[in-house]
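Just below is one structure, and these are the notes that go with it.
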Amino acid sequence: MKIGFLAYSLMVLEGYWNKLHGKADCWWGVTNPQIYDLLKKKNIDNVVYHHDELIIDHKKTHGNKYVSNNPWHSERTVAERIKPDIWIADTLNKLNNVRKDAFWVQTFHTLPIKKLFFYPPVLEYDLLLLPGEYHRQEIIKRLNIKEKDEERLKVVGWPRTDDFFNGKFDRNEIVNTLGLDPNLKTIMYAPTWGWGYGNERLFARWFDREVEVFEQMCYEIRKMDLNFIVKLHSLSFQVSNQTLIDIAKKYNVLWLTKELSCFVDDPNPFLWITDILISDLSGIIAEFMVLDRPIIYIEPDEKLDAWNGSDMPKNFRVGHVVSSPDELLCAIDDSIKYPEKFKKQRRDLVSKLFNSPDGKAMDRSVQEILNFAESKGLY
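Structure representation (structure tokens):
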């Protein structure tokens with residue numbers, strides 16, 4: 034049995050590779066140079082690489098503006114060279130422009146509140162590995178999946194959170210490596226990207242005064258004697274905004290993401306050391322919820338129409354929801370003083386979203402893939 038991994042990041046698929054490459058002839062299909070270099074550093078030879086040149090398309094008015102100069106050519110090239118029996122992908126639209134001459138498995142890589150997960154072309158996949166009953170029921174309802182096709186939907190849990198249960202991370206080691214003060218609590222701002230304005234915004238609101246609000250945040254958080262991390266999505270054009278970077282330096286804020294890229298590094302080590310998360314509708318919230326720590330949600334600007342078709346409803350926000358910078362600062366102060374305030378809501382939502390958060394979701398996922406392969410006479 035030959036398995037292909039179509040990779041834009043290693044944070045999900047590497048776990049599958051680690052458990053499957055001893056059981057099948059496994060190959061990475063890679064179009065990103067950073068992933069290619071990482072795999073080579075790990076002494077992995079089963080890699081087919083075709084560089085995908087990316088450009089900024091300023092003509093686009095919404096969505097991702099950092100796009101391929103030759104859409105889907107690289108994906109089709111690596112697919113033609115690997116020719117697997119099964120493709121495993123963690124990103125929804127990347128296989129849909131490749132000729133379907135193999136079985137497709139979708140693992141997913143994020144669980145945002147915003148609209149993303151219930152993407153109609155996902156119906157082309159033969160096996161979908163789902164985090165819990167909420168996403169199973171919603172995908173059946175929203176995509177009108179017939180009862181006879183429900184067999185392809187397997188609830189396995191969410192492998193992205195396994196490391197939080199398996200003792201992988203050491204807080205002091207991570208904090209010291211990052212140059213943070215181990216005696217202080219840590220707050221992280223990690224927003225989503227995109228919205229209706231492409232890749233260009235720092236916040237989900239306050240568009241006309243983002244620099245002013247960011248400096249106010251940095252100043253006040255510094256006064257509160259907290260470590261402050263800013264982790265922008267790698268597709269945000271703000272990662273190289275020198276004005277924001279200079280403000281971060283001025284207040285000793287750790288600015289993590291330093292270049293525009295389709296490559297996404299694993300945020301879990303940073304989540305492990307974070308005591309309070311500030312976000313909006315980002316998928317990073319789902320992983321952080323498992324740690325049962327305070328979350329502050331910035332309410333999206335009404336012009337964004339963020340709740341039309343969103344993956345999760347407004348009442349799935351289990352923490353302070355803020356609409357002004359002053360409310361944000363008050364929420365930070367309250368979260369420091371009363372970290373248990375939304376504890377019951379957090380735990381209730383974790384049980385709703387995740388099947389058995391126990392550190393064994395990857396094992397269940399891999400077993401479902403092997404069961405599927407066996408049912409098709411491949412294993």
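Residue numbers (the working numbering): 34 to 412.
C-beta atoms are modelled at their ideal positions from N, C-alpha and C, and glycine is treated no differently.
A quick note: this is a predicted structure, and the numbers were derived from the prediction, not measured.
Those residues which DSSP pairs with residue i across a bridge
{"i": "A40", "result": "V63"}
{"i": "F136", "result": "I119"}
{"i": "D58", "result": "K35"}
{"i": "K187", "result": "L162"}
{"i": "M221", "result": "I262 and L310"}
{"i": "V244", "result": "In the DSSP output, where bridge partners are listed per residue, V244 has none listed."}
{"i": "V81", "result": "G62"}
Nearest candidate by alpha-carbon position, reference residue i, set the options
{"i": "T105", "options": "I121, K127 and I89", "result": "Note on residue identity: the sequence assigns Trp, not Thr, to residue 105. Ranking I121, K127 and I89 by Cα distance to W105 puts K127 first."}
{"i": "F150", "options": "L361, E171 and A135", "result": "E171"}
{"i": "Q378", "options": "L411, D325, E407 and L211", "result": "D325"}
{"i": "W305", "options": "S312, F321, G316 and D298", "result": "F321"}
{"i": "L39", "options": "V100, T140, K336 and T94", "result": "T140"}
{"i": "H142", "options": "I402, V355 and V45", "result": "V45"}
{"i": "L163", "options": "T219, N404 and F387", "result": "F387"}
{"i": "R380", "options": "F349, T64, C251 and D308", "result": "F349"}
{"i": "I89", "options": "Y99, K282 and Y82", "result": "Y99"}
{"i": "N205", "options": "A57, D70 and T307", "result": "T307"}
{"i": "Q67", "options": "I280, D85 and H54", "result": "D85"}
{"i": "E184", "options": "L176, L161, N177 and E166", "result": "L161"}
{"i": "I280", "options": "E113, N260, S273 and C251", "result": "C251"}
{"i": "L217", "options": "R242, R255 and E113", "result": "R255"}
{"i": "D258", "options": "N285, T276 and S384", "result": "N285"}
{"i": "N102", "options": "L87, E113 and H95", "result": "L87"}
{"i": "E407", "options": "K56, H95 and K52", "result": "K56"}
{"i": "W61", "options": "P154, K52 and N79", "result": "N79"}
{"i": "R132", "options": "H95, P153, E113 and D70", "result": "E113"}
{"i": "V244", "options": "I278, G392, R193 and P215", "result": "I278"}
{"i": "G392", "options": "G48, I36, E166 and G37", "result": "G48"}
{"i": "E360", "options": "C59, Q249, K374 and K201", "result": "Q249"}
{"i": "N274", "options": "D241, R242 and L235", "result": "L235"}
{"i": "E166", "options": "N404, P390, Q400 and I402", "result": "P390"}
{"i": "G20", "options": "K174, T276 and E233", "result": "Within the shown structure, residues of the chain are numbered from 34 to 412, placing residue 20 beyond reach of any answer."}
{"i": "K385", "options": "D58, E401, A319 and N260", "result": "A319"}
Sequence-distant residues of its chain with Cβ nearer than 6 Å to residue i (five each side left out)
{"i": "V414", "result": "Only positions 34 to 412 of the chain appear in this structure, which leaves residue 414 out of reach."}
{"i": "W137", "result": "W120, L128, Y158 and D159"}
{"i": "N301", "result": "D196"}
{"i": "L362", "result": "E253"}
{"i": "A364", "result": "I329, H353 and V355"}
{"i": "L310", "result": "M221, F321 and I328"}
{"i": "L411", "result": "M34 and D118"}
{"i": "P215", "result": "N205 and V208"}
{"i": "G414", "result": "The requested residue 414 is not part of the displayed model; the chain covers only 34 to 412."}
{"i": "N199", "result": "G392"}
{"i": "P405", "result": "The sequence as given places Phe at residue 405; Pro does not occur at that position. So the list reads L160, once near-sequence residues are dropped."}
Close beta carbons around residue i, own chain, < 7 Å, minus the five adjacent residues each side
{"i": "W340", "result": "K347"}
{"i": "D344", "result": "P145, I146, K147, K148, L149, F150 and F151"}
{"i": "S315", "result": "P145, A223, P224 and T225"}
{"i": "L382", "result": "M322, F349 and V351"}
{"i": "L156", "result": "L176"}
{"i": "P153", "result": "L176"}
{"i": "D123", "result": "V45, L46, T140, F141 and H142"}
{"i": "D299", "result": "M44"}
{"i": "Y69", "result": "V63, V80 and Y82"}
Spatial neighbours of residue i in its chain, beta-carbon cut-off 8 Å, leaving aside the 5 residues before and after
{"i": "G212", "result": "L287"}
{"i": "H91", "result": "K98"}
{"i": "T64", "result": "Y41, Y82, H83, H84, D85, S107, E108 and V111"}
{"i": "L289", "result": "I262, V263, K264, L265 and F303"}
{"i": "D134", "result": "K116"}
{"i": "A237", "result": "P224, T225, W228, D313, L314, I331, E332, P333, D334, L337 and A339"}
{"i": "K282", "result": "W288"}
{"i": "K73", "result": "V80"}
{"i": "N130", "result": "P104, W105, E108 and R109"}
Three or more C-beta pairs under 8 Å: does that hold for the region 291 to 301 against the region 266 to 276?
Taking 8 Å as the limit for Cβ pairs, the verdict is that the region 266 to 276 does touch the region 291 to 301.
Run through the region 272 to 356 for me and flag every whole beta strand (DSSP E) of 3 or more residues, listed as ranges in chain order.
For the region 272 to 356, whole beta strand (DSSP E) runs of length 3 or above, ordered along the chain, are 309 to 312, 328 to 331 and 353 to 355.
With contact counted as at least three CB pairs below 8 Å, one residue from each stretch, are the region 364 to 372 and the region 161 to 178 in contact?
The answer is no - the region 161 to 178 does not touch the region 364 to 372, with fewer than three Cβ pairs under 8 Å.
Mind pulling the alpha helix (DSSP H) runs of 4 or more residues that sit fully within the region 366 to 402?
As far as the region 366 to 402 is concerned, its whole alpha helix (DSSP H) runs of at least 4 residues are 376 to 386.
Evaluate contact between the region 185 to 192 and the region 391 to 410, counting only Cβ atoms and requiring at least three cross-stretch pairs below 8 Å.
Taking a cut-off of 8 Å on C-beta distances, the region 185 to 192 touches the region 391 to 410, as three or more cross pairs fall below it.
Runs of 3 residues minimum, wholly inside the region 83 to 131: which ones carry the beta strand (DSSP E) assignment?
Runs of the beta strand (DSSP E) spanning 3 or more residues and lying entirely within the region 83 to 131 occur at 87 to 89, 99 to 101 and 119 to 122, in chain order.
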